[in-house]
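Okay, so here's the structure we're looking at.
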Ligand code: FES
Ligand SMILES: [Fe+2]
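Numbering (the numbering used here), first residue to last: 1365 to 1750.
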C-alpha cells in the first residue's frame, strides 16, 4: 500500500496534512473537511472518542454514596456512580435486558439500587444485577453473571474521567506536565454549578480551538477581556501530550479582582494571571485566582455539540444564602464574553462548508491550536503515516 493511500484514509490531501506537521512558523491549519465531513466524525469516534480520556463529571456532582451522574459521551450512554464502598465507578448506562438507558441526568438511587424503568431489572451501585422479575422460567439464565460494564476511570483534581480503551495509558501520567499550572487551584476541593447550556450547530473543534488562543481577543473581546489581559502579553506553554495551556496576564501585573476569596496558598504569579487549559479531546477550563470556569461538551455529530458552562465554587458555597446573587454577578460578567465567542464561532461553523476554503496560516499566538491539530493528527492518522 502506498503512503498516499494511507494518508487518504482521512480523505485529506497529503500535502495539507504535511503542512500541519511543519513547525509553527511554517505550518498551515487543518483542512476544512476536518470540521464538516461525516466520514471524519465517524473516524473520530473510532480513533479519538473510543480511546481518549473524557470528562464525565466533577466529584462534587456525586458527593454521597448512591449519587449518579448520567450522560451520553459521543453516542455512548454512561453514568458515574458513587458506590456504597465510597468508590466512584463509571459504568455503562444501558440495561442488560433490552437496552434502555437506566438513569438520566443526575440524582440519587433509592435504597442503593438502580431499577430499570422498562421491566424493572434492578442493579446494585457496583453494576451487579440484583433482581430480574419474572425471569424464573428462563433457561440458562444466571442472574449472578449479569453485570453492567464498568469502564476504566481516573479522577484528576476532582474531574472524573473515563476511557473505553483498556490499553490506553494512564491519564494522570500523560498530563503530568499540567500539574504546576493546575494543581495550585485545588479544583478537587471545589463544587460545581452549571450556569447554562446551549446547542451549537457547528463542529466541536471550532469551539475548542476558539477557547485555546487569545489571538482573537483584540477584535472579539476588546472591552471585555483584552483591555485587562492584552493578547500580546499572553504566554503559551511548549508542551507535548494530550493537553495545552496558556496564561493571560494582567497588563500591569496587578492582582486580578475575583468573585470569591482567592484560593489559599496560591503562588503570587497566579494572582495576576488567568490560566487557560485543555485536556484533549475536550475538557476546557480557565481560571482566575478563585473561580474556574469549566466548559463541557456534549458532542453529537460533525456539525453539532452542546456547550455547557460550569463554574467551580469554594466548598460550601452551594448551600450559601447568597449563591444566587453571586451567580448572577458571575453570569453578568462571563456571558457577554461567551456571547462574543459564539458570534465568531457561528461564522466559522458556516464557512467551513465553503467549497473555496484552503488552509490558512497560524500566528505565533496560535501555538496551542497548532499543538492541538498535531495531537488530533497523531490520533487520526494510521500509525505508519504519523
Ligand atoms: S430493558 Fe431494562 S428491564 Fe427490560
Ligand atoms: Fe474568546
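Glycine residues also receive a C-beta, built at the ideal position from the N, C-alpha and C atoms.
From the options, residue whose alpha carbon lies closest to that of residue i
{"i": "residue 1642", "options": "1682, 1628, 1657, 1633", "result": "1657"}
{"i": "residue 1702", "options": "1632, 1725, 1588", "result": "1588"}
{"i": "residue 1482", "options": "1466, 1650, 1398", "result": "1466"}
{"i": "residue 1455", "options": "1485, 1400, 1425, 1528", "result": "1528"}
{"i": "residue 1710", "options": "1567, 1605, 1635, 1685", "result": "1567"}
{"i": "residue 1721", "options": "1379, 1518, 1396", "result": "1396"}
{"i": "residue 1516", "options": "1536, 1502, 1504", "result": "1536"}
{"i": "residue 1532", "options": "1545, 1518, 1524", "result": "1518"}
{"i": "residue 1408", "options": "1748, 1740, 1747", "result": "1740"}
{"i": "residue 1474", "options": "1695, 1439, 1431", "result": "1431"}
{"i": "residue 1646", "options": "1417, 1564, 1511", "result": "1417"}
For residue i, the three-state DSSP class (helix, strand or coil)
{"i": "residue 1818", "result": "The first residue shown for the chain is 1365 and the last is 1750, placing residue 1818 beyond what the model contains."}
{"i": "residue 1713", "result": "helix"}
{"i": "residue 1597", "result": "helix"}
{"i": "residue 1615", "result": "coil"}
{"i": "residue 1504", "result": "coil"}
{"i": "residue 1730", "result": "helix"}
{"i": "residue 1482", "result": "coil"}
{"i": "residue 1409", "result": "helix"}
{"i": "residue 1662", "result": "strand"}
{"i": "residue 1549", "result": "helix"}
{"i": "residue 1648", "result": "strand"}
{"i": "residue 1471", "result": "strand"}
{"i": "residue 1492", "result": "strand"}
{"i": "residue 1686", "result": "coil"}
{"i": "residue 1541", "result": "helix"}
{"i": "residue 1452", "result": "strand"}
{"i": "residue 1359", "result": "Outside the shown range of the chain, which is 1365 to 1750, sits residue 1359, and nothing can be said about it."}
{"i": "residue 1387", "result": "coil"}
{"i": "residue 1422", "result": "strand"}
{"i": "residue 1608", "result": "strand"}
{"i": "residue 1577", "result": "coil"}
Presumed contact (8 Å Cβ cut-off) between residue i and residue j, rounded CB distance
{"i": "residue 1662", "j": "residue 1557", "result": "At roughly 18 Å, the Cβ-Cβ gap does not stay under 8 Å, so residue 1662 and residue 1557 are not in contact."}
{"i": "residue 1522", "j": "residue 1551", "result": "5 Å"}
{"i": "residue 1612", "j": "residue 1637", "result": "6 Å"}
{"i": "residue 1743", "j": "residue 1411", "result": "5 Å"}
{"i": "residue 1457", "j": "residue 1443", "result": "4 Å"}
{"i": "residue 1392", "j": "residue 1398", "result": "Actually they do not touch by this definition, with Cβ atoms about 12 Å apart."}
{"i": "residue 1542", "j": "residue 1624", "result": "Not confirmed; about 23 Å, so no contact."}
{"i": "residue 1423", "j": "residue 1435", "result": "With a Cβ gap of about 15 Å, residue 1423 and residue 1435 do not count as contacting."}
{"i": "residue 1476", "j": "residue 1513", "result": "Actually they do not touch by this definition, with Cβ atoms about 20 Å apart."}
{"i": "residue 1596", "j": "residue 1610", "result": "Incorrect: roughly 13 Å between the Cβ atoms, too far for contact."}
{"i": "residue 1489", "j": "residue 1448", "result": "5 Å"}
{"i": "residue 1648", "j": "residue 1659", "result": "4 Å"}
{"i": "residue 1728", "j": "residue 1400", "result": "The pair is not a contact, with the Cβ atoms about 27 Å apart (cut-off 8 Å)."}
{"i": "residue 1450", "j": "residue 1570", "result": "That pair is no contact at about 40 Å."}
Buried/exposed call for residue i, threshold 16 Cβ in 10 Å
{"i": "residue 1669", "result": "buried"}
{"i": "residue 1608", "result": "buried"}
{"i": "residue 1583", "result": "exposed"}
{"i": "residue 1581", "result": "buried"}
{"i": "residue 1496", "result": "buried"}
{"i": "residue 1748", "result": "exposed"}
{"i": "residue 1724", "result": "exposed"}
{"i": "residue 1427", "result": "exposed"}
{"i": "residue 1575", "result": "buried"}
{"i": "residue 1425", "result": "buried"}
{"i": "residue 1731", "result": "buried"}
Point to revise | Complete runs of the beta strand (DSSP E) confined to the region 1506 to 1531 [at least 3 residues] | key: 1514 to 1520, 1523 to 1527
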